[in-house]
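Heads up, the thing below is written out as structure tokens.
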Amino acid sequence: GESVGLHLPTLSVQEGDNSIINCAYSNSASDYFIWYKQESGKGPQFIIDIRSNMDKRQGQRVTVLLNKTVKHLSLQIAATQPGDSAVYFCADRPNQAGTALIFGKGTTLSVSS
Amino acid sequence: DTEVTQTPKHLVMGMTNKKSLKCEQHMGHRAMYWYKQKAKKPPELMFVYSYEKLSINESVPSRFSPECPNSSLLNLHLHALQPEDSALYLCASSQGPGDTTNEKLFFGSGTQLSVL
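In structure tokens, the structure reads:
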């Protein structure tokens, strides 16, 4: 079943703002987390990932934060651009044999200029 | 080449038809996946192939039949589908199951399936 969920279904920001998309997960056995971006008519596109032995990881304009104490994951996008408009999914993989990535519900990010 | 290619992009079929979805990757990945995605919902795992063997079947109805002819190809054979099976079918690959150095999935653009 679904082990990862997102707090808000939609997020609207102005171009240039910083965006924060949140995700809560329930399986304390999860040891790998990943964020995907999905644009209309396309498959999910990898953004950034993080393992449970880290609490922060940075990429180009994106940062993922992991708080294992409260089972919370967030994606921060700096200087949000109209091209960032998409649905964002977090996913986790429980550290158990016979499992694969399980996706959360998704947040639709709308960026207005 | 970091692409996962899926064909066809769109497919319309009747409930008595037999069709196949195809997926190909040339990244040397040894794990391949089928996910199903309904509109405005997250992808749901259907099948996982690891080293060309079926390793996960998420209780998918038998009207969906996966096949992995070789490490680069993954098919999904469809037979006697129902209208509620209409969805976007996504194929993905990863370097290798249990590979803790690189576990991210690379997705294709999907096949939009409509069952009439």
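Protein sequence lines, in the order shown, are assigned to chains A and B. Under our numbering, the first residue of the first sequence carries the number 155, and numbering increases by one thereafter. Under our numbering, the first residue of the second sequence carries the number 9, and numbering increases by one thereafter. Just so you know, even glycine gets a beta-carbon here, dropped at the ideal spot from N, CA and C. Everything numeric in this text was worked out from a predicted model, so none of it was measured.
- Taking the Cβ atoms as the reference, B/ALA95 lies roughly 15 angstroms from B/MET23, outside the contact range of under 8 angstroms.
- A straight line joining the alpha-carbon of A/GLY170 with that of A/PRO163 spans about 21 angstroms.
- Annotation for B/GLU32: the continuous beta strand (DSSP E) segment containing it runs 26 to 33.
- When the beta-carbon positions are compared, A/THR261 and A/ILE175 come within less than 7 angstroms of each other.
- Counting the other Cβ atoms within 10 Å of the Cβ of A/GLY213 gives fewer than 16, which makes it exposed.
- Leaving aside the five residues that flank B/TYR57 on each side, the residues in its chain whose CB is nearer than 8 angstroms to its CB run, in chain order, ALA39, MET40, TYR41, SER63, PRO74, CYS76 and LEU82.
- One Cα belongs to A/PRO236, the other to A/SER194, and the distance between them is close to 14 angstroms.
- When the five nearest sequence neighbours on each side are left out, the beta carbons in the same chain lying within less than 6 angstroms of the beta carbon of A/PHE257 are those of PHE243 and ALA245, in order along the chain.
- Approximately 18 angstroms separates the beta-carbon atoms of A/ILE231 and B/LYS112; this is outside 8 angstroms, ruling out the contact.
- Listed along the chain, the chain A residues whose CB falls inside 7 angstroms of the CB of B/PRO74 amount to none; the nearest CB is some 14 angstroms away.
- A direct Cα-Cα distance of roughly 10 angstroms separates B/TYR59 from B/SER80.
- Around the beta carbon of B/GLY36, a 10 Å sphere encloses fewer than 16 other beta carbons of the protein chains shown; the residue is thus reported as exposed.
- Per the coordinates, the alpha-carbon of B/LYS26 lies some 6 angstroms from the alpha-carbon of B/LEU86.
- Rounded to whole angstroms, the gap between the alpha carbons of B/PHE55 and B/GLY118 is 15 angstroms.
- A/TYR179 has a beta carbon lying at 7 angstroms or more from every beta carbon in chain B.
- Annotation: A/ARG215 is outside any beta strand (DSSP E) and is labelled neither H nor E by DSSP.
- At a beta-carbon threshold of 7 angstroms, the residues of chain A lying near B/VAL56 are ALA254, ordered along the chain.
- Interface criterion not met: the Cβ of A/ASP209 is under 7 angstroms from no Cβ in chain B.
- Below the 9 angstroms Cβ cutoff, chain A contributes no neighbours of B/PRO77, its closest Cβ being approximately 21 angstroms away.
- If only uninterrupted beta strand (DSSP E) runs of at least 3 residues are considered, those enclosed by the region 191 to 264 of chain A are 199 to 205, 210 to 212, 216 to 221, 226 to 231 and 240 to 248.
- In this chain, the beta strand (DSSP E) harbouring A/VAL167 covers 164 to 168.
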